[in-house]
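As structure tokens, the structure follows; a few thoughts come after it.
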Amino acid sequence: MEGQQHGDRLKRGLKNRHIQLIALGGAIGTGLFLGSASVIQSAGPVSFLVTLSPVLSLS
């Protein structure tokens, strides 16, 4: 957490609600990742490469 310096002390730049939203986003992302594991397993690595190829062609 970066903060603003006031004398010898640091002021917190993130509030409690910001930390809660970061935690919520992490939980949702983990749930989506674990929920899609069976689909990824049945589709195999080829589907990942086919899906990723348009993204890689942009760079």
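Residue numbering for the sequence shown follows full-length UniProt numbering, beginning at 1 and increasing consecutively.
Note that beta-carbon positions come from the ideal geometry of N, C-alpha and C, so glycine has one too.
Check, Outcome
"Three-state secondary structure assigned by DSSP to L21", "helix"
"Reduced DSSP secondary structure (H/G/I, E/B, other) of G29", "helix"
"Under the three-state DSSP convention, the category S53 falls into", "helix"
"Alpha carbon of A23 to alpha carbon of L58, nearest angstrom", "31 Å"
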